[in-house]
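At position 63 of the sequence shown the residue is numbered 62 (numbering that gives the first Met the number 0), and the sequence of numbers has no breaks.
Where is the CB? At the ideal position from N, CA and C, for every residue including glycine.
Step one of this worksheet: look at the structure below.
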Amino acid sequence: MDIFYYLKSCDTCRRIQKTLDLPDSVSLINIKENPLSSEQLAALFLKTNSYAALFNSRAQLLRKRGLKASALSEENMRDLLLEHYSFLKRPVLIYQDELFIGNAPATIAAAEKVLHE
0 MDIFYYLKSC DTCRRIQKTL DLPDSVSLIN IKENPLSSEQ LAALFLKTNS YAALFNSRAQ
60 LLRKRGLKAS ALSEENMRDL LLEHYSFLKR PVLIYQDELF IGNAPATIAA AEKVLHE
């Protein structure tokens, strides 16, 4: 299943969604309204073998809690990812079994290439 996890209120996510011109086959999931389930997170983990790859180390909530991403274990990251949507690095695109995480220009370019081959 092709999925685009994003935050509707995030300008960067909206810009990337527009840039990618996602096909209708891609399900759009606003993570604020539909937080990740443990099953969805497990499926993402199978593709990355790392919660750190999915973790937003710049989340404001992380700073508010006085935490540093570098000090967190994989298990801590997993728990935080399930606890609050803002800990997911976004956007996340799963398309034809490929995974694209975050908003780095190289990531977006790679996603565009796969989407429009």
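Assumed close pair residue i, residue j - CB separation to whole angstroms, cut-off 8 Å
i	j	result
phenylalanine 54	alanine 70	Their Cβ separation, rounded to whole angstroms, is 12 Å, which puts phenylalanine 54 and alanine 70 out of contact at 8 Å.
isoleucine 30	leucine 87	6 Å
serine 85	leucine 60	5 Å
valine 25	phenylalanine 44	With 8 Å as the limit, valine 25 and phenylalanine 44 do not qualify as a contact, their Cβ atoms being about 21 Å apart.
Through-space distance from residue j to residue i, alpha-carbon basis
i	j	result
threonine 47	proline 90	15 Å
histidine 115	leucine 27	18 Å
arginine 77	cysteine 9	22 Å
glutamate 73	proline 34	19 Å
glutamate 97	proline 104	17 Å
leucine 81	alanine 58	14 Å
threonine 11	glycine 101	10 Å
leucine 79	serine 56	11 Å
aspartate 23	lysine 63	38 Å
leucine 21	alanine 42	21 Å
leucine 19	serine 37	27 Å
Counterpart residues of residue i in DSSP-defined beta bridges
i	result
tyrosine 5	Asn29
leucine 98	Ile93
leucine 87	Phe54
* Asked: Would you call the segment 10-24 and the segment 90-110 touching, i.e. three or more CB-CB distances under 8 Å?
  -> Contact between the segment 10-24 and the segment 90-110 is present, because at least three Cβ pairs lie under 8 Å.
* **Continuous alpha helix (DSSP H) assignments of at least 4 residues falling wholly in the segment 51-83** => Scanning the segment 51-83 from its first residue to its last, the whole alpha helix (DSSP H) runs of 4-plus residues come out as 59-63, 73-82.
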